Amino acid sequence: EADIYQTPRYLVIGTGKKITLECSQTMGHDKMYWYQQDPGMELHLIHYSYGVNSTEKGDLSSESTVSRIRTEHFPLTLESARPSHTSQYLCATSHGELFFGEGSRLTVL
Amino acid sequence: QQQVKQSPQSLIVQKGGIPIINCAYENTAFDYFPWYQQFPGKGPALLIAIRPDVSEKKEGRFTISFNKSAKQFSLHIMDSQPGDSATYFCAASKGYDYKLSFGAGTTVTVRA
């Protein structure tokens, strides 16, 4: 069982706002990931990290950025949100298998 | 380019039926094939996974069949129950980095 916490669970904001989606884990796992999920579509890897100060872009190009200053936290930031960023963002860690959080559903008006 | 193709998009079965979901992949370097189950409002959860050294794996009522030569794998849900109603995703990756490529998902509805 993995403990991954994502906040906020739901967020509705206007275009141009800066937002940060928080992801924290209590297991001390080094590897963390952000996936983007749209209805009826596959999950796409947008960012991953193999440890502190390590971040890489995933297979799907994203305007978001991430940071990994502490093992427990892997926040995702959008500097200027647009309607095209409306989606569900899922944080995950891996240790023998991939564990997902419950997701942050972002709506940009 | 979608690396894992999943079908059908949705299916409905009666309680006790056997829904079957199929996936195909192109990258022969893939060597880890998990299935995830997702309920509304929740993140995906690992259901069962297989590596290409075996052709079948069972865990409870869930079975993965794997055909390496055809680059296909499938999920069977035996004696399906209404509580199995969920969206199921197949995925694939190489090695242990867990940078998974996902299928588009199959919504399974089991009617009582």
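As given, the protein sequences belong to chains W and L, one line each in that order. Mapping of the first sequence onto our numbering: position 71 corresponds to residue 633, and the numbering continues sequentially without gaps. Mapping of the second sequence onto our numbering: position 107 corresponds to residue 179, and the numbering continues sequentially without gaps. From the three backbone atoms N, C-alpha and C, an ideal C-beta is built for every residue, glycine too. Note that the structure is predicted; figures quoted are calculated from it, not measured.
Measuring straight from C-alpha to C-alpha, what distance separates residue i and residue j?
i      : j      : result
L/K77  : L/A96  : 5 Å
L/D117 : W/A643 : For clarity, residue 117 of chain L is Ala in the given sequence; the question names Asp instead. If I take the Cα positions, the gap works out to 29 Å.
L/S141 : L/D151 : 29 Å
L/F145 : L/G177 : 14 Å
L/G175 : W/R632 : 32 Å
W/L607 : L/A184 : 36 Å
L/K171 : W/R630 : 17 Å
If you reduce the DSSP assignment to three classes, tell me which class residue i lands in.
i      : result
W/S626 : coil
W/G613 : strand
L/P124 : coil
W/P645 : helix
L/P154 : helix
W/M594 : strand
W/A654 : strand
L/A101 : coil
W/T577 : coil
For residue i, which of the options has the nearest alpha-carbon?
i      : options                        : result
W/Q650 : W/L605, W/L640, W/I631         : W/L605
W/L660 : W/V574, W/W596, W/G578         : W/W596
W/D577 : W/F662, W/E664, W/L640, W/F636 : Residue 577 of chain W is actually Thr in this sequence, not Asp. Considering only alpha carbons, the answer is W/L640.
L/A121 : W/G658, W/G602, W/S646         : W/G658
W/M603 : L/S82, L/G167, L/T135          : L/S82
W/Y612 : W/T655, W/Q568, W/H647         : W/T655
W/I566 : W/S629, W/S586, W/T582, W/I581 : W/S586
W/E664 : W/D621, W/L652, W/S646         : W/L652
By the 10 Å Cβ neighbour count, where 16 or more other Cβ atoms means buried, how is residue i classified, buried or exposed?
i      : result
W/Q593 : At residue 593 of chain W the sequence reads Lys, which differs from the Gln that was named. Buried, by the Cβ-count rule.
L/P91  : buried
L/G155 : exposed
W/V574 : exposed
L/P112 : exposed
Per DSSP, what are the beta-bridge partners of residue i in this structure?
i      : result
L/S173 : L/A164
L/P106 : L/A121
W/S586 : W/Y567, W/H635
L/A96  : L/K77, L/Q144
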